[in-house]
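To start, the structure under review is shown below, and the notes come after it.
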Ligand SMILES: NC(=O)c1ccc[n+]([C@@H]2O[C@H](COP(=O)([O-])OP(=O)(O)OC[C@H]3O[C@@H](n4cnc5c(N)ncnc54)[C@H](OP(=O)(O)O)[C@@H]3O)[C@@H](O)[C@H]2O)c1
């Protein structure tokens, strides 16, 4: 990627946990917020990894040209959040969806094409860990675990060619994000791990580590991982090692954590499972195959049979 050191203009749609962590990386860029109420300033307060508190006051986007519009809402909110800014989107060069789950990226690509919006679509995965809490009755985002963020052009969204037919020079990415030519691969690996850990911890109501330390739960993790592993092989989707091994290792290294799905269920919020297990169930239906363990857990978490609708 090119690096001109010139500040980028970046819009941030979704200033929750991960959005606030990314905003910290972009404090020296031209950063704009896209709040629910247009024109409002966004204020985020973050406890950094070093333990200090930082406050960022982010001015509202008023239609200035953006190099990047980064979306860090939950997967389900992606389209409605973007659609509410449709009149400003011609000023956006690239949209980057930095979220877990799959399905929303293609929905967004389809909508951009239908709406005739020329901006490129990018997708990103992040291994940072952050959560929202309160301190002295004031909202606070805690950056709990350091990680990395990788992004790539959404498949099929090829860079525009110039008049000579050659592709444009790859754009400079927002600080803290590295570029990949094949973003689908890490996205699918993360999807597979989440499709094991998230529904199991939600149904068994346990922290991640108990999936491996409790002898009643480990066989369930292994069976579910095997089902998804087989399906990935059927689809020719890459996994670096047996999924049971990867999922057990992730559960162990995040032993004390509650998965986001378990947290959402405890808080009575909608989960992202339609974009994780639901997405896989949709793929399975298209292949004329079944994922009975995935389907059973999906329904036990209270998600409807409709699953993810592309
Ligand atoms: N947290 C992590 O450690 C982490 C790590 C990697 C990936 N992720 C992924 O990143 C995505 C975001 O997760 P998160 O944990 O940051 O969620 P979050 O804390 O709930 O943040 C989502 C933010 O989006 C905002 N939002 C939703 N609809 C909006 C709209 N129409 N206009 C403006 N803002 C809107 C929400 O505002 P309200 O509060 O007003 O609803 C909230 O501030 C998810 O896909 C998650 O799986 C999270």
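Numbering (the working numbering), first residue to last: 108 to 417. The beta carbon of each residue, even a glycine, is placed where N, CA and C say it ideally should be. Predicted model, so just to flag it, every value in this text is computed and none were measured.
For the stretch 356-402, list the alpha helix (DSSP H) runs that are entirely contained and at least 4 residues long, ordered along the chain.
367-373, 384-394
Can you tell me the Cβ-Cβ gap for residue 258 and residue 286, rounded? I've got them flagged as a contact below 8 Å.
Taking the first residue of the chain shown as 1, we reach residue 258 at position 151. Taking the first residue of the chain shown as 1, we reach residue 286 at position 179. About 6 Å; that satisfies the 8 Å criterion.
Per-residue DSSP class, three states only, for residue 109:
Counted from its first residue, the chain shown places residue 109 at position 2. The pLDDT assigned to residue 109 is 45, lower than 50, so where the model puts this residue is not dependable; a value taken from the coordinates is nonetheless given after this. Three-state DSSP puts residue 109 in coil, outside helix and strand.
Quick one: complete beta strand (DSSP E) runs, 3+ long, within the stretch 136-189?
137-140, 149-154, 160-165, 175-178
Which residue from 396, 352, 318, 168 puts its Cα closest to that of residue 196?
Working through the chain shown from its first residue, we reach residue 196 at position 89. Measuring from the Cα of residue 196, the nearest candidate turns out to be 168.
Closest by C-alpha distance to residue 348, when choosing among 203, 141, 356:
Counting from 1 along the chain shown, the entry for residue 348 is found at position 241. The option with the nearest alpha carbon to residue 348 is 356.
Using the beta-carbon count (16 or more within 10 Å), is residue 379 buried or exposed?
Numbered from its first residue, the chain shown carries residue 379 at position 272. So residue 379 counts as buried.
Should residue 376 go down as buried or exposed, given a rule of 16 or more other Cβ atoms within 10 Å for buried?
As a position in the chain shown, residue 376 is number 269, starting the count at 1. With fewer than 16 Cβ atoms within 10 Å of its Cβ, residue 376 is classed as exposed.
I'd like to know whether the C-beta atoms of residue 339 and residue 331 end up nearer to each other than 7 Å.
Mapped onto the chain shown, residue 339 falls at position 232. Mapped onto the chain shown, residue 331 falls at position 224. Contact flag unset, no.
Beta-carbon contacts of residue 162 that lie in its chain and below 7 Å, excluding the five residues immediately before and after:
Taking the first residue of the chain shown as position 1, residue 162 is located at position 55. Only 150, 152 meet the Cβ criterion.
Classification of residue 395 by the beta-carbon crowding that lies within 10 angstroms, buried from 16 upward
Translated into the one-based positions of the chain shown, residue 395 becomes position 288. Classification for residue 395: exposed.
Any heavy atom of ligand 2 closer than 6 Å to the CB of residue 181?
In the structure shown, ligand 2 is absent; the only ligands present are ligand 1.
Local Cβ density within 10 Å of residue 148, reported as buried at 16 or more and exposed below that:
Here residue 148 refers to the residue found at position 41 of the chain shown. With fewer than 16 other Cβ atoms within 10 Å, it is exposed.
Within a Cβ cutoff of 7 Å, which residues of the same chain sit near residue 300, ignoring the five residues on either side of it in sequence?
Residue 300 sits at position 193 when you count from the first residue of the chain shown. Cβ within range, chain order: 353, 354, 357.
Residue 122 by DSSP, collapsed to three states: which one?
Along the chain shown, one-based indexing puts residue 122 at 15. If DSSP states are grouped into helix, strand and coil, residue 122 belongs with coil.
Take residue 126 and list the residues in its own chain whose beta-carbon comes closer than 7 Å to its own, dropping the five residues that flank it on each side.
In the chain shown, counting from the first residue as 1, residue 126 sits at position 19. The residues are 119, 179.
By DSSP's criteria, residue 239 is part of a beta bridge. Which residues make up the other side?
Along the chain shown, one-based indexing puts residue 239 at 132. Beta-bridge pairing links residue 239 to 248.
Closest by C-alpha distance to residue 350, when choosing among 303, 318, 361, 387
Here residue 350 corresponds to residue number 243 of the chain shown, with the count starting at 1. Cα-wise, what sits closest to residue 350 is 303.
Leaving out the 5 sequence neighbours to the left and right, which residues in its chain are closer than 7 Å to residue 270 when beta-carbon positions are compared?
The sequence position of residue 270 within the chain shown is 163, counting from 1. Its pLDDT being 44, under 50, residue 270 is placed unreliably by the model, and nothing is read from it.
Using 6 Å as the cut-off, classify the Cβ of residue 123 as near or not near the heavy atoms of ligand 1, replying yes or no.
By one-based count along the chain shown, residue 123 stands at place 16. Correct: residue 123 has its Cβ closer than 6 Å to ligand 1.
Starting from residue 233, trace the beta strand (DSSP E) both ways and give me its first and last residue.
Along the chain shown, one-based indexing puts residue 233 at 126. Per DSSP, residue 233 belongs to the beta strand (DSSP E) from 227-233.
Closest to residue 209 by CA distance: which of 193, 232, 187 is it?
Taking the first residue of the chain shown as 1, we reach residue 209 at position 102. For the residues 193, 232, 187, the minimum Cα distance to residue 209 belongs to 232.
In the DSSP assignment, what are the bridge partners of residue 290?
Reading the chain shown from its first residue, position 183 is the one you call residue 290. Answer is none; residue 290 lacks a bridge partner.
Outcome for residue 416 when other beta-carbon atoms lying within 10 angstroms are tallied against a minimum of 16
Here the question's residue 416 lines up with position 309 in the chain shown. Only weak support is given to the placement of residue 416: the predicted model assigns it a pLDDT of 49, under 50, and the value that follows is read from those uncertain coordinates. The residue is exposed, with fewer than 16 neighbouring Cβ atoms inside 10 Å.
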